[in-house]
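Working notes for the structure below.
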Amino acid sequence: MSTKSTPDANPSQGPLSREESAGFNSQVISYIQRAAATGLYEIRGLGAKRHLPHFDDLLFLGASLSRYALEGYREKCSSKTILGTRFAKKPIELEIPITVAGMSFGALSANVKEALGRAATEMGTSTTTGDGGMTAEERQSSKTLVYQCLPSRYGFNPDDVRRADAIEIVIGQGAKPGGGGMLLGQKVSPRVAKMRTLPAGVDQRSACRHPDWTGPDDLAIKIKELREITDWEKPIYVKVGATRVFHDVKLAVHAGADVVVVDGMQGGTAATQVAFIEHVGIPTLAAVRQAVDALEDMNMKDQVQLIVSGGIRSGADVAKALAMGADAVAIGQGILIALGCNSESYVQKGSHLSALADYHKIGTAPGFCHHCQTGKCPVGVTTQDAILEQRLEPLVGAQRVRNYLKTMNMELTMIARACGKQDVHHLEREDLVAVTVEAAAMAGIPLAGTSWVPGRHGY
Amino acid sequence: MVSSVKAVKGAVVFDLASQPLRDLNQFLHGDLQGIKGVTVENPDGAHSIAVGMNAAVQVDINGHAGYYAAGMNQHASVVVHGNAGPGCAENMMSGRVEVKGFASGGAGASAHGGLLVIQGDAGLRCGISLKGGNIVVGGDVGSFSAFMAQAGTMVICGDAGDGLGDSLYEAVLYVRGEVKSLGADARFEPMGDTDIATVKQLLADAGLSHKASEFKRIASAKTLYHWNADSKQTY
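Chains as they are written, first to last, in our numbering: chain U, 1246 to 1704; chain S, 105 to 339.
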């Protein structure tokens, strides 16, 4: 090795070339090196990290001379939301249109499930089980609990069907439309294993198709079976990962769904192949518009409710989803972050303790962590580890999630009032403009300052 | 409508030719104390007959049943005196379901407990995602049966199609006839004394008289339990 201290100069050939390739950039190089070293795809948690057209690319047109604004603090703006009015005898009534998305016990700890139930109940909204059955903790803490019926059917049983407030048949998930669940061995604790009828510690891959039906005609019969089992009381949701949304929503409605849940590709996961997360599915923005188009095309808007999920983070995002035609949203990752995901510290008995060393141990840092698949969540959110899970105290978690939901709902009603609406569900497409051509085309919203919607009226 | 049905002394009879399925299932979900048996006449392939049962009552379906007969059954004993459509006894928790004729695809799918007896043949994916129930098939089973079966036992008195027991976990399969092909990670294993006893008991429960010693045991080789690059996994 040369001892000369001029690393960027090569005396014989001039300056050292540092031209990075666009195609084979440092990320791609590290991907190939990793693949070559392991022979196995990379699996991680959370959602798509790539840049995508999103709700950020839409803006509201607040009231002015041509529209009448409502007083922010004095005039009422309702956020009540009713889901499942089509066939169910007992529709779901919520105080806010922001629900907690399905996340499994297994992916999350029992403490987290309890915290979510407490927060949702305080705010008058619903929580959702996940690919691992219903825990006593979440049933007890959740006033309104949506019970998922997944391809794996882990822990799925008629007692819990009867205990649930609604049933959500999961066809797919935005992070991996077409793929089944995954839970790596380190998270398959004895309790998780027992609930899923699996040997503890196996790398669990769940099925991607339901075991007892194939295709939309069968789904119609399956939905009727669940209605018969529940004596037609409970709303039946159908959740799809966003791909061919226009057709899938139509088929779900045709099959008899009360509520359709559309999860865009920014939706999170506890563990999925990176190639799946980043390369399969369509952005939430495009999915909402296609879903609404489908409902309007069938004249089913307001008869079948639409819940949108996938990367929704703020009250402004919620307002935009509602203005585009959604009836409610579901949030997963935002909720996890509210709980403490990617935070530098965790709270124990009122004191903040640093989690930095534990982030370092799993090769990441707060702000970048997507290591849910390891089960070694430094802040105790996505773990089954007996010690780590104690880092999330249910009451602390519940308070944070409640605050987050409350903040978002205040932002939502603030925007609705500014647009002159007494009810958040009165927000409409005419209240929105797009700031990029891509978003305008996907959302079917005119580019700001123009009446141009790409693809409409022949150009 | 229900009170008039109850008035028939001893046996409750529902005639699906004149009574809606909804009334039948609502009745079956009600207080069944003192009721020993319910007979369903003219099922004519109706779907979801006797689903969500939660009482130790005998239900006789006199004819063919459509999809999901006795789905999610708990405690009840349901007999289909005919053929059953897809998803018969799906996600059963306990009790007993017997199909006197043939059963279509996905019979006993994800059953957590109980006993499903199919006297005739079963279609594709019999016992898929089985989670602890027992299934006895008097005839053959179609391809991809016991796919991802996690726990429980299947006794197949006839032949099995392609891909039997693909990605098995802890469920154990016993086959008397020929297996066209085994699925990934499934393997034949020697029959031990407990296997013989298990098969004997299940055959007796099903009212079948084959010799337990004629059966072969199939279980998981467990090479798919953990991901690793060297096991030539194709997924």
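A virtual CB, placed ideally from N, CA and C, is assigned to each residue, including glycine.
Remember, predicted model here, so these are calculated numbers, not experimental data.
Next on the checklist: Against chain U, does His-168(S) count as a neighbour if the rule is that its beta carbon must be under 9 Å from one of theirs?
Outcome noted: So, not an interface residue.
Checklist entry - Between Ala-1571(U) and Ala-1293(U), what straight-line distance do the alpha-carbon atoms span, to the nearest angstrom? => result Separation of Ala-1571(U) and Ala-1293(U) (C-alpha to C-alpha, rounded to the nearest whole angstrom) is 22 Å.
Item to check | Against chain U: residues of the region 201 to 219 of chain S by CB proximity under 7 Å | outcome: Along the region 201 to 219 of chain S, the positions whose C-beta sits under 7 Å from a C-beta of chain U are Gly-210, Ala-213, Ser-214, His-216, read in chain order.
Item to check | 6 Å Cβ shell around Gln-1635(U) - same chain, five flanking residues per side excluded | outcome: The answer is none, since no qualifying residue turns up.
Checklist entry - At a Cβ threshold of 9 Å, is Ala-1685(U) touching chain S? => result No, its Cβ sits nowhere closer than 9 Å to a Cβ of chain S.
Item to check | Contiguous beta strand (DSSP E) assignments of at least 3 residues, all confined to the region 1647 to 1695 of chain U | outcome: Counting whole runs of 3 or more residues, the region 1647 to 1695 of chain U contains the beta strand (DSSP E) stretches 1677 to 1679.
Checklist entry - So, does the CB of Asn-238(S) fall closer than 9 Å to a CB anywhere in chain U? => result Not an interface residue.
Item to check | Residues within the region 1462 to 1490 of chain U neighbouring chain S, beta-carbon criterion of under 8 Å | outcome: Listed in sequence order: Asp-1463, Ile-1466, Lys-1467, Lys-1469, Glu-1470, Glu-1473, Ile-1474, Thr-1475, Asp-1476, Trp-1477.
Next on the checklist: So the candidates are Gln-178(S), Val-163(S), Ser-233(S); which of them puts its Cα closest to the Cα of Gln-1449(U)?
Outcome noted: Comparing Cα-Cα distances from Gln-1449(U) to each of Gln-178(S), Val-163(S), Ser-233(S), the minimum goes to Ser-233(S).
Item to check | Boundaries (first-last residue) of the beta strand (DSSP E) holding Gly-256(S) | outcome: 255 to 260 is the extent of the beta strand (DSSP E) around Gly-256(S).
Item to check | Whole runs of the alpha helix (DSSP H) within the region 1482 to 1542 of chain U, excluding any shorter than 4 residues | outcome: Unbroken alpha helix (DSSP H) stretches of 4 residues or longer found wholly inside the region 1482 to 1542 of chain U: 1490 to 1499, 1519 to 1524, 1529 to 1542, given in chain order.
Checklist entry - Given a limit of 9 Å on CB to CB distance, which residues of the region 1417 to 1430 of chain U reach chain B? => result The structure shown has no chain B; the protein chains it does contain are U and S.
Next on the checklist: So with CB distances below 7 Å, who are the chain S contacts of Phe-1350(U)?
Outcome noted: Neighbours of Phe-1350(U) on chain S: none; closest Cβ ~17 Å, over 7 Å.
Next on the checklist: Within 9 Å of any Cβ in chain U, is that where the Cβ of His-314(S) sits?
Outcome noted: His-314(S) has a beta carbon lying at 9 Å or more from every beta carbon in chain U.
Checklist entry - Ser-1333(U) to Ile-1481(U), Cα distance in whole Å? => result The amino acid occupying residue 1333(U) in the given sequence is Ala; Ser does not appear at that position. Taking the straight line joining both Cα atoms gives about 8 Å.
Checklist entry - In chain S, which residues lie less than 7 Å from Arg-1662(U) when you measure between Cβ atoms? => result The contacting residues do not exist; Arg-1662(U) stays about 45 Å from chain S at best.
Checklist entry - Can you check whether the CB of Gly-1329(U) is closer than 9 Å to the CB of Ile-1337(U)? => result Yes; because the gap between Cβ atoms is below 9 Å, this pair is in contact.
Checklist entry - When Cβ atoms are compared, which residues of the region 1323 to 1344 of chain U fall closer than 8 Å to chain S? => result Residues passing the 8 Å Cβ filter: none.
Checklist entry - Going by beta carbon distance, what residues of the same chain come within less than 6 Å of Gly-265(S), once the five residues before and after it are set aside? => result Exclusion of the five residues before and after Gly-265(S) leaves Gly-246, Ser-247, Lys-284 as the residues of its chain whose Cβ lies within less than 6 Å of its Cβ.
Checklist entry - Taking C-alpha atoms, which residue in Lys-320(S), Gly-227(S), Leu-120(S) lies nearest to Val-259(S)? => result Nearest of Lys-320(S), Gly-227(S), Leu-120(S) to Val-259(S), Cα basis: Lys-320(S).
Item to check | Neighbourhood of Gly-1347(U) by C-beta, 6 Å cutoff - its chain only, sequence neighbours within 5 removed | outcome: Excluding positions up to five away in sequence, the list reads Thr-1373, Gly-1375, Gln-1393.
Checklist entry - Cβ of Leu-307(S) within 9 Å of Cβ of Cys-261(S)? => result Yes, these two residues count as a Cβ contact at 9 Å.
Checklist entry - Which residue comes first and which comes last in the beta strand (DSSP E) that contains Gln-1593(U)? => result Per DSSP, Gln-1593(U) belongs to the beta strand (DSSP E) from 1590 to 1593.
Checklist entry - Candidates Met-1427(U), Val-1533(U), Ser-1696(U), Gln-1550(U): which alpha carbon is nearest Ile-1288(U)'s? => result Considering only alpha carbons, the answer is Met-1427(U).
Checklist entry - Going by other Cβ atoms of all chains shown within 10 Å of its Cβ, with 16 needed for buried, is Ile-1274(U) buried or exposed? => result Ile-1274(U) is exposed by the Cβ-count criterion.
Checklist entry - By the 10 Å Cβ neighbour count, where 16 or more other Cβ atoms means buried, how is Gly-1700(U) classified, buried or exposed? => result Classification of Gly-1700(U): exposed, given that the 10 Å Cβ count is below 16.
Checklist entry - Leu-286(S) to Leu-125(S), Cα distance in whole Å? => result If you take the alpha carbons of Leu-286(S) and Leu-125(S), they lie about 40 Å apart.
Checklist entry - Taking Cβ-Cβ distances shorter than 9 Å, what residues in chain U pair up with Arg-229(S)? => result The contacting residues are Pro-1456, Asp-1457.
Next on the checklist: Please tell me whether Ala-255(S) has its Cβ less than 9 Å away from any Cβ of chain U.
Outcome noted: Answer yes: the Cβ-Cβ gap between Ala-255(S) and chain U drops below 9 Å somewhere.
Next on the checklist: Below 7 Å on C-beta distance, what does Val-427(S) contact in chain U?
Outcome noted: Any property of residue 427(S) remains undetermined from this structure, which presents chain S solely from 105 to 339.
Checklist entry - Roughly how many angstroms separate the alpha carbons of Ile-1708(U) and Ala-301(S), rounded to a whole number? => result Nothing can be reported for residue 1708(U), as the shown portion of chain U is limited to 1246 through 1704.
Checklist entry - Can you list, in chain order, the residues of its chain whose CB lies under 6 Å from that of Ser-208(S), leaving out five sequence neighbours each side? => result In the same chain as Ser-208(S), and ignoring 5 residues on each side of it, the C-beta atoms closer than 6 Å to its own belong to Gly-189, Pro-190, Gly-227, in chain order.
Next on the checklist: By the three-class DSSP mapping on this structure, what secondary structure does Ile-1337(U) have?
Outcome noted: The answer is strand: DSSP assigns Ile-1337(U) an E or B state.
Checklist entry - Is the beta carbon of Tyr-171(S) less than 9 Å from the beta carbon of Glu-1320(U)? => result In this structure, Tyr-171(S) lies away from Glu-1320(U), with their beta-carbon atoms at least 9 Å apart.
Checklist entry - Is there a Cβ from chain S that is less than 9 Å from the Cβ of Ala-1500(U)? => result So no, Ala-1500(U) is outside the interface.
Item to check | Among Val-1646(U), Pro-1691(U), Met-1545(U), Asp-1676(U), the one whose alpha carbon lies nearest that of Lys-1358(U) | outcome: Considering only alpha carbons, the answer is Val-1646(U).
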